[in-house]
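Each residue of the sequence shown is one higher than the last, beginning at 56 in the numbering used here. Ideal Cβ positions, reconstructed from N, Cα and C, are used throughout, including at glycine. See structure below.
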Amino acid sequence: MRAGLGIATRQPGAAAVEDAVEAALAGIGGAKPDAVLVAASAALGNRALSELVARVADGVDCEAWLGASAEGLLLADQEIVGLPGFAVAALSGIRAELFSCENLAGREAEAGEEIADQLSALPEAGDRLIVFVDSLRLALGPLAGSLGRVAGPGQAMGFGASEIPGGAPQIWGAGDFVEAGCSGLWIRAPRPPEIVVTNGSRALGEEMEISRVRGHWVLGLDGGPALPRLCEAAGTRVPSALTAGTLARLREPGAANTPGSGVVRNLTGIDPEREGFAVPVVPVEGDRLCFVRMDSVAAREDLGIRLAALDPEPASLGLYFSCRSRGQALFQHAGLESGYLARALGPAPLLGMMGAFQLAPNPLGGAPLVHTHSGVFARFAC
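Written as structure tokens, this is what we have:
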């Protein structure tokens with residue numbers, strides 16, 4: 056497998072994007088690409104994005120190409136957040152097919168069947184689905200379950216595309232805008248890419264069992280009321296003093312400390328009368344929960360550990376889906392996070408996209424997990 060990357064920054068125009076396409080194709084020796092990935096910062100705006108995507112469509116001879124708007128771009132030598140940026144990655148030496156599902160709101164569970172109908176064969180072990188998802192208008196639980204069913208023994212990863220200023224998230228499949236849905240690539244590489252999840256949250260105490268729930272509300276932990284446990288972990292006796300920095304990490308029973316098994320969620324409500332708190336997903340009795348805070352030191356340590364566990368063989372491409380809460384906002388230095396990733400890749404290009412959430416394989420099997428405050432890294436071998 057080979058990969059090339061072209062970048063256009065500083066309010067890129069048509070000529071700059073054409074140069075980026077040429078650079079990406081040059082990275083694969085000028086060959087016809089088997090797949091193309093396009094990342095555009097949401098700061099470009101709707102009109103500019105549409106024009107630039109049209110330039111890519113004119114410049115690549117490839118049906119399996121996928122693009123989306125991102126909160127920011129993470130590249131080997133720079134981090135572009137809140138500023139114009141455009142990147143094109145060309146891949147060769149793989150098998151790739153495009154799929155797209157539009158207007159999925161209310162029927163997210165049907166996505167897998169639609170995707171299966173569009174593919175020439177069902178994914179096998181070692182195959183990957185790279186999926187870009189509308190982050191505003193879809194129910195992620197049913198969608199993730201449906202993606203898991205179509206991936207079968209393969210694995211799905213991806214991210215939630217970011218909304219542009221005053222508009223919706225932008226996703227394109229082979230140059231066509233995908234409305235309120237998802238689009239992705241089924242990829243079969245000579246060597247399946249390794250996927251790792253990094254989080255970097257620091258635990259505020261031990262994991263507890265969720266013992267009582269009602270809808271989105273966690274009312275009991277380890278057999279006792281949940282809110283006092285939260286206040287104790289956050290170091291306050293007054294629920295109103297709780298800060299947005301206190302988060303909840305949830306795991307399925309039996310996951311223990313398996314890397315990538317925990318998902319971090321914001322707290323979305325406090326109920327002093329019922330002595331509970333709410334999370335944006337429906338919690339399950341028996342799952343494990345730990346209160347955490349994001350921490351720059353813990354984030355560096357965890358990222359380093361996850362990258363060190365990767366196979367040291369030469370890489371052809373690094374693909375990274377990161378939360379918009381990470382990058383400089385978490386690591387306190389622009390380019391530090393992407394620098395870690397670049398060192399793990401050597402001379403191979405890095406394409407990172409920051410969005411609302413990240414999809415990654417569940418290490419326990421089944422549907423992919425929906426992560427926030429996390430990074431999902433795929434390292435493709437040569």
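Of the residues R329, A333, S316, which one's Cα is nearest the Cα of L322?
Ranking the options by Cα distance to L322, first place goes to A333.
Alpha carbon to alpha carbon, what distance is there between S175 and L184?
When rounded, the distance between both Cα atoms is 14 Å.
Per DSSP, L372 forms a beta bridge with which residues?
Beta-bridge pairing links L372 to F435.
Between L365 and the rest of its own chain, which residues show a CB-CB distance below 6 Å, the 5 nearest in sequence each way excluded?
If we look at L365 and ignore the five residues flanking it on each side, its Cβ neighbours are E249, R434.
Which partner residues of D231 appear in the DSSP bridge assignment?
BP columns for D231 point to G228.
Along the chain, which unbroken stretches of the alpha helix (DSSP H) at least 4 residues long are found entirely within the stretch 362 to 432?
DSSP runs (the alpha helix (DSSP H)) wholly in the stretch 362 to 432: 383 to 386, 391 to 400.
According to DSSP, N321 sits in a beta bridge with which residue or residues?
N321 is bridged to L302.
Could you tell me whether any Cβ in chain C is nearer than 9 Å to the Cβ of F412?
In the structure shown, chain C does not exist; there is a single protein chain.
Are there 16 or more other CB atoms within 10 angstroms of the CB of Q11, so buried, or fewer, so exposed?
With the chain running from 56 to 437 in the structure shown, residue 11 is simply not present.
Considering Cα atoms alone, identify which of N417, P335, V252, R381 is closest to A363.
Taking only the C-alpha atoms, the option nearest A363 is V252.
Could you tell me the distance, in whole angstroms, from the CA atom of A311 to the CA atom of A125?
Roughly 33 Å between the two C-alpha positions.
Within the same chain, show all residues whose beta-carbon is closer than 8 Å to that of L391, passing over the 5 residues directly before and after it, in chain order.
Excluding positions up to five away in sequence, the list reads R355, Q383.
So, at 6 Å on beta carbons, what are the nonlocal neighbours of G200 in its own chain, with the 5 sequence-adjacent residues on each side left out?
Only A422 meet the Cβ criterion.
Which runs of the alpha helix (DSSP H) fall wholly inside the stretch 85 to 137 and span at least 4 residues, in chain order?
Qualifying alpha helix (DSSP H) stretches, in chain order: 101 to 114.
For A235, verify whether its CB is less than 8 Å away from any heavy atom of the ligand MN.
Among the components of this structure there are no ligands whatsoever, and the ligand MN is therefore not found.
Run through the DSSP bridge pairs and tell me what Q210 is partnered with.
According to DSSP, Q210 bridges with R183.
Measuring only the C-alpha atoms, how far is P208 from L419?
Taking the straight line from one Cα to the other gives about 12 Å.
Using C-beta distances below 6 Å, list every residue in its chain close to A439, excluding the 5 sequence neighbours before and after it, in chain order.
Given that the chain is displayed from residue 56 to residue 437, the structure contains no residue 439 and the question cannot be resolved.
Is it true that the stretch 167 to 181 meets the stretch 404 to 412, where meeting means three or more beta-carbon pairs spaced less than 8 Å apart?
The stretch 167 to 181, when compared against the stretch 404 to 412, does not touch it at the 8 Å Cβ threshold.
Can you find the residues in the same chain that come closer than 7 Å, C-beta to C-beta, to G213, ignoring five residues on each side of it along the sequence?
I185, V186, F187, V188, G239, F376, L414, listed in sequence order.
What three-state label does DSSP hand S201 in the structure shown?
Three-state DSSP puts S201 in a helix.
Would you mind working out which of T291, I226, M349 sits nearest G300, comparing C-alpha positions?
Considering only alpha carbons, the answer is M349.
Measure the CB-CB distance between L128 and M409 and report whether it falls below 9 Å.
Yes.
Identify which residue in A206, V143, P416 has its Cα closest to the Cα of G315.
It is P416 whose Cα lies nearest to the Cα of G315.
With C-beta atoms as the reference, is G255 less than 9 Å away from L344?
Taking 9 Å as the Cβ cut-off, G255 and L344 do not qualify as a contacting pair.
Please report the distance separating the alpha-carbon of F432 from that of A399.
Using only the alpha carbons, I get a separation of about 11 Å.
Got a sec, what are the start and stop residues for the alpha helix (DSSP H) V72 sits in?
Counting along the chain, the alpha helix (DSSP H) containing V72 begins and ends at 69 to 81.
Helix, strand or coil: how does DSSP classify I360 here?
Note: I360 maps to helix in three-state DSSP.
Tell me the DSSP secondary structure of D277 in three-state form.
Three-state result, D277: coil.
Determine the extent of the beta strand (DSSP E) in which G140 is found, giving its start and end residues.
Looking at the DSSP string, the run of the beta strand (DSSP E) that includes G140 is 140 to 147.
Identify, in the order they occur along the chain, each residue of the same chain with its Cβ nearer than 6 Å to the Cβ of G181, setting aside the five sequence neighbours on each side.
So the list reads P247, once near-sequence residues are dropped.
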